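Protein chains in written order, with the working numbering: chain R, 710 to 1042; chain Y, 710 to 1042.
Protein chains: 2
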Amino acid sequence: MILTVTLNTALDITYRTAALTPHATNRVAEVSERPGGKGINVARVLAALGHESVVTGFVGGRTGDALRELLAAEGPGGQPAHAAVTDAPVTDALVPIAGTTRRTIAVVDETTGDTTQLNEPGPTVTPAEWAAFLTSYEGLAARADAVALCGSLPPGIHVGAYAELVRLARAAGRPVLLDTSGEPLRRGIAARPDLVKPNADELAQLTGSREPLRATRDARRRGGRSVVASLGAAGLLAATPDGSWRAAPPMAVRGNPTGAGDSAVAGLLSGLVERLPWPERLARAVALSAATVLAPAAGEFDREAYADLLPRVAVTEQSSQPEQESHAPRQHR
Amino acid sequence: MILTVTLNTALDITYRTAALTPHATNRVAEVSERPGGKGINVARVLAALGHESVVTGFVGGRTGDALRELLAAEGPGGQPAHAAVTDAPVTDALVPIAGTTRRTIAVVDETTGDTTQLNEPGPTVTPAEWAAFLTSYEGLAARADAVALCGSLPPGIHVGAYAELVRLARAAGRPVLLDTSGEPLRRGIAARPDLVKPNADELAQLTGSREPLRATRDARRRGGRSVVASLGAAGLLAATPDGSWRAAPPMAVRGNPTGAGDSAVAGLLSGLVERLPWPERLARAVALSAATVLAPAAGEFDREAYADLLPRVAVTEQSSQPEQESHAPRQHR
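1. Going by other Cβ atoms of all chains shown within 10 Å of its Cβ, with 16 needed for buried, is S979 of chain Y buried or exposed?
2. Are R955 of chain R and G970 of chain R closer than 9 Å when you measure CB to CB?
3. Round the Cβ separation of I814 of chain Y and I722 of chain Y to the nearest angstrom and send it over; I've been treating them as touching at under 8 Å.
4. Going along chain Y in order, which residues have a C-beta closer than 8 Å to the C-beta of V816 of chain R?
5. So what does Y724 of chain Y bridge to, in DSSP terms?
6. Terminal residues of the continuous beta strand (DSSP E) containing D801 of chain R?
7. Using a Cβ-Cβ cut-off of 8 Å (strictly less than) and excluding sequence neighbours within five positions of G952 of chain Y, which residues of its own chain qualify?
8. Under the three-state reduction of DSSP, which class applies to E1026 of chain Y: helix, strand or coil?
9. Across the stretch 804-814 of chain Y and the stretch 823-840 of chain Y, are there enough close Cβ pairs to call them in contact, namely three or more that are closer than 8 Å?
10. Let me check understanding here. Comparing Cα to Cα, which of Y:V817, Y:L862, Y:T713 lies closest to V740 of chain Y?
11. On the DSSP letters alone, give me the boundaries of the alpha helix (DSSP H) that A975 of chain R sits inside.
12. Let's see if you can read the secondary structure: which residues bound the alpha helix (DSSP H) around R842 of chain Y?
13. Taking 8 Å as the cut-off, does the stretch 844-857 of chain R touch the stretch 881-893 of chain R (at least 3 CB pairs, one atom from each stretch)?
14. Name, please, each residue of chain R whose Cβ falls closer than 7 Å to the Cβ of N717 of chain Y.
15. Would you grab the beta carbon distance between I898 of chain R and R852 of chain R for me? Rounded to a whole angstrom, and I think it's under 8 Å.
16. Have a look at the DSSP bridge pairing and note the partners of F767 of chain Y.
17. Of all the options Y:K906, Y:L915, Y:A948, Y:G941, which has the alpha carbon lying nearest to the alpha carbon of L922 of chain Y?
18. What separation, rounded to the nearest whole angstrom, lies between the Cα atoms of T800 of chain R and P966 of chain R?
19. Comparing C-alpha positions only, which one of R:R963, R:A996, R:A837 sits nearest to V974 of chain R?
20. Run the proximity test for P907 of chain R: is its beta-carbon closer than 8 Å to any non-hydrogen atom belonging to the ligand FAD?
21. In chain order, what residues of the stretch 720-733 of chain Y put their CB closer than 9 Å to some CB of chain R?
22. Report the start-end ranges of each alpha helix (DSSP H) in the stretch 866-892 of chain R that is 4 residues or longer and not cut off at the edges.
23. Could you check the C-alpha separation between F842 of chain R and L712 of chain Y for me, to the nearest Å?
24. CB-CB under 7 Å to L1019 of chain R, same chain, minus the five flanking residues each way: which ones, in chain order?
25. For I806 of chain Y and P744 of chain Y, I'd like the C-alpha separation in whole angstroms.
26. Output, in chain order, the set of chain Y residues within a Cβ distance shorter than 8 Å of A775 of chain R.
27. Which term fits E911 of chain Y, buried or exposed, when burial requires 16 or more other beta carbons within 10 angstroms of its beta carbon?
28. Check for me: the alpha helix (DSSP H) holding L729 of chain Y runs from which residue to which?
29. Leaving out five residues on either side along the sequence, give the residues of the same chain with a beta carbon under 6 Å from the beta carbon of A924 of chain Y.
30. Closer than 7 Å by C-beta to Y1015 of chain Y: which residues in its own chain qualify, once you throw out the five before and the five after it? Chain order, please.
31. Can you have a look at T820 of chain Y and say buried or exposed, based on whether 16 or more other CB atoms are within 10 angstroms of its CB?
32. Figure out for me which residue from R:T734, R:A900, R:N717, R:A757 has the closest Cα to the Cα of R1012 of chain R.
33. Can you round the beta-carbon distance between V868 of chain Y and E838 of chain Y to whole angstroms, since I take them to be within the 8 Å contact cut?
34. So who's on the other strand from Q826 of chain R, going by DSSP bridges?
35. Going by alpha carbons, who is nearest to A775 of chain R out of R:A719, R:T765, R:M960, R:L946?
36. Taking only beta-carbon positions, decide if V768 of chain Y is within less than 9 Å of chain R.
Encoded structure:
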């Protein structure tokens, strides 16, 4: 079982409009809702890869009720007819709170395909609720093959929360992945997670460097045992104890990038628990990520595209010396 | 008691953002929710004017539950501390449906003050639900001093629905006001409502004329016993069996125009049941409308501004001959 933590879960609402006109009244043509927050998105992709997962974090209010109901309906038996019936279960271990789960609204402009995102801040979590979560988390982490800590912190949670969760997972002997940003990432990485997956902006904010190879290595020095940076269309760059690699999709893909990073996390986590060599983990993460961009629905991945892309991802080893980066890389796959 | 009908009620959500950037991720700084839909907004203003009102229409799902809970909390005893404690009650006579009440999202850009509105389409109402509503409506209308039919029709409701409701109110001998647009207005006005309150666009769409005096008189010929057009900052233009008037605020007001039209409807309705002469009804409607634009919260009105503006609204009688419009009008107040 893989445990994913989403402290700031969300009811993700998608609005389709003919065209979004700012400072005017826009009629929404179509509304859809689903359980959201990065860890929940990761669990959904893990389920599709056949990995049993448990989601935890906080949930409350009417939007929280809607989230749990939709999450239960997504599981095997409740899933939509178009999904594969072989999905592994996603178990709801969310901790109830007095506050109300936030909404996020993605307004998809059907003329241009562009998305405007509106994210509510989320409910304030009380110290007693955080204490209840920690008790539940320790029990869950002890049973997990891996733990993923994903996304932003809701109001009320101390900025060192991820550092605390990293230490608890490490104390239980469980590999732990951290995917967050800003100060929670800075503090969390110092607690020595097994893997961090920043995007280019998060990495630059953490290290002060916009040069990805230098920045990923700097992030390792800050405490990340392995660092995998997601560089958008350029794919992934990994700095690990076993070496450094770049992994890139065979071609640029166009579509909705929402959830592409979460799919990459699911690829890395599943590869970790399957003990795949790094190049295979990275290829899986890149193929899942690109297949997510290609899927029409935000945050879902196109299974056929994934199968097609997987063998075509180029993984190239990087020189161990940063100053020799321009030397010819070895081709792996 | 005044009965207001809102067939397409809404949970009105307001998001305050530092600045809305299209095609980017926007963090919402502050979220507020309240019961919405034009008839509910009208009832809220009527309550503040001391008129008991009953709201009906459809309500369903989690957003419907939230709407009813917020509506109950708004009443005397439940209202926020800043509101006057003399408000008359608003009674909930909404009819439950299987579908889910829509949301509307107003994104207020705190840099510019501009509002971007996103309106969900609303739930589909079944024929059985419409039949249940009609039974309830007939009973309520028979007890009402006046009836207001407000806003758009949700999916599933036939386009002649307002015409049907106008006829039922008239059969019960109750004065009925219609505030809608498009084909529902065209059909509804033919059923001879006592009053219609189109805005400039709605009036132009109905009559084909952008010349307000000509268009309001045309709207009377189509069946409206009295027609009061809301012309934004220019105030109101009324064509009635007793004469025609223009009513304008003493100065241009800047602010959020959301709900200004609903406040005008409340002013007209309250003036009708109080049997005020037309110039006084129009002055009240204009002052309420301007005081709504001036209030910081969308759809509320600034009570001090209302009291200050009311004696300063200029109401001028219009010539009875459209071709003599340019002649000097008589000053009423």
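Ideal placement from N, C-alpha and C gives every residue a C-beta, glycine not left out.
Source: prediction; values computed, not measured.
Quick look at the numbers:
1. Position 270 of the second sequence, counted from the first residue, corresponds to residue 979 of chain Y. Buried: at least 16 other Cβ atoms inside 10 Å.
2. By 1-based counting over the first sequence, the position of residue 955 of chain R is 246. By 1-based counting over the first sequence, the position of residue 970 of chain R is 261. Not closer than 9 Å, so no.
3. Here residue 814 of chain Y corresponds to residue number 105 of the second sequence, with the count starting at 1. Here residue 722 of chain Y corresponds to residue number 13 of the second sequence, with the count starting at 1. Contact between I814 of chain Y and I722 of chain Y holds: their C-beta atoms lie close to 5 Å from each other, under 8 Å.
4. By one-based count along the first sequence, residue 816 of chain R stands at place 107. Correct list: L827.
5. For the purposes of this step, residue 724 of chain Y is taken as residue 15 along the second sequence, with counting starting at 1. Beta-bridge analysis with DSSP links Y724 of chain Y to Y:V740, Y:V816.
6. Your numbering for residue 801 of chain R matches position 92 in the first sequence. It spans 799-801 - the beta strand (DSSP E) in which D801 of chain R sits, taken as one unbroken run.
7. On the second sequence, residue 952 of chain Y is found 243 positions in, with the first residue counted as 1. Excluding sequence neighbours, G952 of chain Y sits near W987, E1026, Q1027, S1029.
8. Translated into positions along the second sequence, residue 1026 of chain Y becomes position 317. In the structure shown, E1026 of chain Y falls within a strand segment according to DSSP collapsed to helix, strand and coil.
9. Three or more beta-carbon pairs separated by less than 8 Å link the stretch 804-814 of chain Y to the stretch 823-840 of chain Y, which places the two stretches in contact.
10. Looking up residue 740 of chain Y in the second sequence gives position 31. Of the listed residues, the one whose Cα sits closest to V740 of chain Y is Y:V817.
11. Taking the first sequence and counting its residues from 1, one reaches residue 975 of chain R at position 266. Looking at the DSSP string, the run of the alpha helix (DSSP H) that includes A975 of chain R is 969-982.
12. For the purposes of this step, residue 842 of chain Y is identified with residue 133 of the second sequence, where counting begins at 1. The displayed chain sequence assigns Phe, not Arg, to residue 842 of chain Y. Per DSSP, F842 of chain Y belongs to the alpha helix (DSSP H) from 836-852.
13. Touching, yes.
14. For the purposes of this step, residue 717 of chain Y is identified with residue 8 of the second sequence, where counting begins at 1. Within chain R, no residue has its beta carbon less than 7 Å from that of N717 of chain Y; the closest one is some 12 Å off.
15. Position 189 of the first sequence holds residue 898 of chain R. Position 143 of the first sequence holds residue 852 of chain R. Going by Cβ atoms, the distance from I898 of chain R to R852 of chain R rounds to 25 Å, so no, they are not a contact pair.
16. On the second sequence, residue 767 of chain Y is found 58 positions in, with the first residue counted as 1. Bridge partners of F767 of chain Y: Y:V804.
17. As a first step, residue 922 of chain Y is located in the second sequence; it is residue number 213 there, counting from the start. Minimum Cα distance to L922 of chain Y is reached at Y:A948.
18. Taking the first residue of the first sequence as 1, we reach residue 800 of chain R at position 91. Taking the first residue of the first sequence as 1, we reach residue 966 of chain R at position 257. C-alpha of T800 of chain R to C-alpha of P966 of chain R: approximately 26 Å in a straight line.
19. One-based indexing of the first sequence puts residue 974 of chain R at position 265. A check of alpha carbon separations from V974 of chain R across R:R963, R:A996, R:A837 identifies R:A996 as the nearest.
20. The ligand FAD is not part of this structure, which contains no ligands at all.
21. Within the stretch 720-733 of chain Y, the qualifying residues are I722, Y724, T726, L729, T730, P731, H732, A733.
22. The stretch 866-892 of chain R contains these whole alpha helix (DSSP H) runs: 870-880.
23. Reading the first sequence from its first residue, position 133 is the one you call residue 842 of chain R. Reading the second sequence from its first residue, position 3 is the one you call residue 712 of chain Y. Taking the CA atoms as reference points, F842 of chain R sits about 49 Å from L712 of chain Y.
24. The residue given as residue 1019 of chain R occupies position 310 in the first sequence. Only residues of its own chain outside the window of five on either side were considered, and among them A992, R993, A996 have a CB closer than 7 Å to the CB of L1019 of chain R, listed in chain order.
25. Stepping through the second sequence from its first residue, residue 806 of chain Y is reached at position 97. Stepping through the second sequence from its first residue, residue 744 of chain Y is reached at position 35. Taking the straight line joining both Cα atoms gives about 17 Å.
26. Here residue 775 of chain R refers to the residue found at position 66 when the first sequence is read from its first residue. Going along chain Y in sequence order, the residues near A775 of chain R (Cβ under 8 Å) are R771.
27. On the second sequence, position 202 is the one that residue 911 of chain Y refers to. Buried, by the Cβ-count rule.
28. Residue mapping note: residue 729 of chain Y aligns to position 20 of the second sequence, counting from 1. Per DSSP, L729 of chain Y belongs to no alpha helix (DSSP H) and is neither H nor E.
29. To locate residue 924 of chain Y, count along the second sequence from 1; it is residue 215. Taken in chain order, the residues that qualify are L912, T916, S918.
30. As a first step, residue 1015 of chain Y is located in the second sequence; it is residue number 306 there, counting from the start. In its chain, beyond the 5 residues on either side, A996, L997, A1000 have a beta carbon closer than 7 Å to the beta carbon of Y1015 of chain Y.
31. Here residue 820 of chain Y corresponds to residue number 111 of the second sequence, with the count starting at 1. Answer is exposed; the Cβ neighbour count stays below 16.
32. Here residue 1012 of chain R refers to the residue found at position 303 of the first sequence. Nearest C-alpha to R1012 of chain R: R:A757.
33. The residue given as residue 868 of chain Y occupies position 159 in the second sequence. The residue given as residue 838 of chain Y occupies position 129 in the second sequence. With 8 Å as the limit, V868 of chain Y and E838 of chain Y do not qualify as a contact, their Cβ atoms being about 17 Å apart.
34. Counted from its first residue, the first sequence places residue 826 of chain R at position 117. In DSSP, Q826 of chain R forms a bridge with R:A815, Y:T734.
35. Here residue 775 of chain R refers to the residue found at position 66 when the first sequence is read from its first residue. The residue with the shortest Cα to Cα distance from A775 of chain R is R:A719.
36. Position 59 of the second sequence, counted from the start, is the residue given in the question as residue 768 of chain Y. No, no contact with chain R.
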